[in-house]
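*Asks:*
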Amino acid sequence: MADEDVTIRTRRGTELRAVLRRPDGADTGRLPAVVLCQGLSGVCDVVLPDIAAALAAAGIVSVRFDYAGYGGSHGERGWIDPPARVVDAQHVLAWLAAAPGVDATRLGVYGHSYGGPIAISTAARDRRVRAVVAVSGPASGRAMLAAARPAWDWLTFLGRVDAERAAVAAGAEPTIVPTSDLLPLSPAFAAAYAELLGRTGEQGTSTAVRGAGLGTTEHYLLSADAMLAYDPVDDARKVTGAAVLLVQGELDDIALVDDTAALFAALPGIKVWQRVPGIGHLELDHGDGLAGAARLAADWFTTHLVTPLAG
């Protein structure tokens, strides 16, 4: 079945652009359904369509969406705000649970890259969620900001954020910086990303540049405040009713394996940490890596959302 464009309202009336995908022939019965959460780019038309297709083939409904302030959604541009993204995902989940043909007792959440912790936090807040998949997800906002920075640069960055906060408190306008100033790429990631863009025309990755401007290649420096405060490890402890699959390249230099260990340990229920040898962050964003991640996600959601009913 073709994608269906929908609009979902959140708190304060903000309208989110979303895309609903149903399996072919899903005209009768109530089916399991999954919310798909994008990574840093905030837009749902890269990476997530592949996940939606894999889920549809497995008989699972999905909805993907642009976060508030990104893509086709309304909202203030230029802010990376993980707690606000969690609220967006909660509203999308509430909408999906009430959608025709959806079984609200069989709900899941998928998150890609920075959407991974968003998926976990969403599950922590809604006990209807029975399964979660997080692919290439960082362990926290702090971990993501710090991953590619040596200690001296990390301390310098924190000093810049402190100074920016003081300046804004005194009446200055918030500073806009290139996204790479917030999240510098390691040399290995930058080289792989440049090679990927050369092959895909900037369409094959969740961090694809989508034109210049605020909220695409530029963000407010004080986005760091919300990122630093965001701790999905604490949320992970509250995910008591959902089975959680983490998928991560062992060479990921954006979401470090060492950081993910604490997140995985905090999960109290059924859990699997699938570490893929020999690959980094970008390899799970396109091609065979993304196809493999989509298969793992479809299998996980089938096991925990589809198969229990059949049994």
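Residue numbers (our numbering): 66 to 376. C-beta: ideal position from N, C-alpha, C; glycine also.
CB-CB under 6 Å to V341, same chain, minus the five flanking residues each way: which ones, in chain order?
*Replies:* Answer for V341: G314, listed in chain order.
*Asks:* If you reduce the DSSP assignment to three classes, tell me which class I183 lands in.
*Replies:* DSSP places I183 in helix when its eight states are reduced to three.
*Asks:* In three-state terms, what does DSSP make of G276?
*Replies:* Only weak support exists for where G276 lies, its pLDDT of 44 falling under 50; the value from the coordinates is given anyway. The answer is coil: DSSP assigns G276 none of H, G, I, E or B.
*Asks:* Please check the pair S138 and D131, which I expect to be a contact at CB under 8 Å, by giving their CB distance rounded to whole angstroms.
*Replies:* Rounded, the Cβ-Cβ distance is 4 Å, consistent with contact.
*Asks:* Would you kindly work out how many angstroms separate the C-alpha atoms of H369 and P148, rounded to a whole number?
*Replies:* Spanning the two alpha carbons is a distance of roughly 27 Å.
*Asks:* Could you compute how far the alpha carbon of V242 sits from the alpha carbon of R360?
*Replies:* Approximately 37 Å, taken between the alpha carbons.
*Asks:* Identify every run of the alpha helix (DSSP H) within the segment 68-137, keeping only runs that are complete inside it and at least 4 residues long; order them along the chain.
*Replies:* Fully enclosed alpha helix (DSSP H) runs of 4 or longer: 113-122.
*Asks:* Please say whether W365 and V198 have beta carbons closer to each other than 7 Å?
*Replies:* In contact: V198 and W365 (Cβ atoms closer than 7 Å).
*Asks:* Starting from the Cα of R192, find the closest Cα among A211, G357, V337 and A301 and give me that residue.
*Replies:* Among A211, G357, V337 and A301, the Cα nearest to that of R192 belongs to A301.
*Asks:* Identify which residue in G352, L85, L286 and A154 has its Cα closest to the Cα of G224.
*Replies:* Out of G352, L85, L286 and A154, L286 has the C-alpha closest to the C-alpha of G224.
*Asks:* Can you tell me whether DSSP reads W365 as helix, strand or coil?
*Replies:* In the structure shown, W365 sits in a helix (DSSP, three-state: H, G or I).
*Asks:* What is the residue span of the alpha helix (DSSP H) that H156 lies within?
*Replies:* It spans P147 to A162 - the alpha helix (DSSP H) in which H156 sits, taken as one unbroken run.
*Asks:* Pick from G345, G306 and I183: whose alpha carbon is nearest that of L321?
*Replies:* When each option's Cα is compared against that of L321, the closest is G345.
*Asks:* Report the rounded CA-to-CA distance for V298 versus D110, giving the unit in angstroms.
*Replies:* So the alpha carbons of these two residues sit roughly 28 Å apart.
*Asks:* With DSSP run on the structure shown, which of helix, strand or coil describes W219?
*Replies:* Helix.
*Asks:* Can you tell me where the beta strand (DSSP E) holding R171 begins and where it ends?
*Replies:* Element bounds for R171: V167 to H177.
*Asks:* When the distance is taken between beta carbons, is A83 closer than 7 Å to A363?
*Replies:* Not in contact: A363 and A83 (Cβ atoms no closer than 7 Å).
*Asks:* Can you name, in chain order, every residue of its own chain whose Cβ lies under 7 Å from the Cβ of L355, other than the five neighbours on each side?
*Replies:* Same-chain partners within the cutoff: V112, D115 and L349.
*Asks:* Under 7 Å, do W217 and A211 count as touching if we go by C-beta distance?
*Replies:* No, Cβ-Cβ distance for W217 and A211 is not below 7 Å.
*Asks:* Would you tell me roughly how many angstroms separate the C-alpha atoms of V157 and R230, rounded to the nearest one?
*Replies:* Approximately 32 Å between the Cα atoms of the pair.
*Asks:* Using the Cα positions of A117 and R86, report the straight-line distance between them to the nearest angstrom.
*Replies:* Approximately 7 Å, taken between the alpha carbons.
*Asks:* Can the beta-carbon of V200 be found closer than 7 Å to that of A358?
*Replies:* The answer is yes: Cβ separation under 7 Å.
*Asks:* Mind checking whether the beta-carbon of V128 lies closer than 6 Å to any heavy atom of the ligand NAD?
*Replies:* Absence of the ligand NAD from the depicted structure is noted, as is the absence of any ligand whatsoever, leaving it without description.
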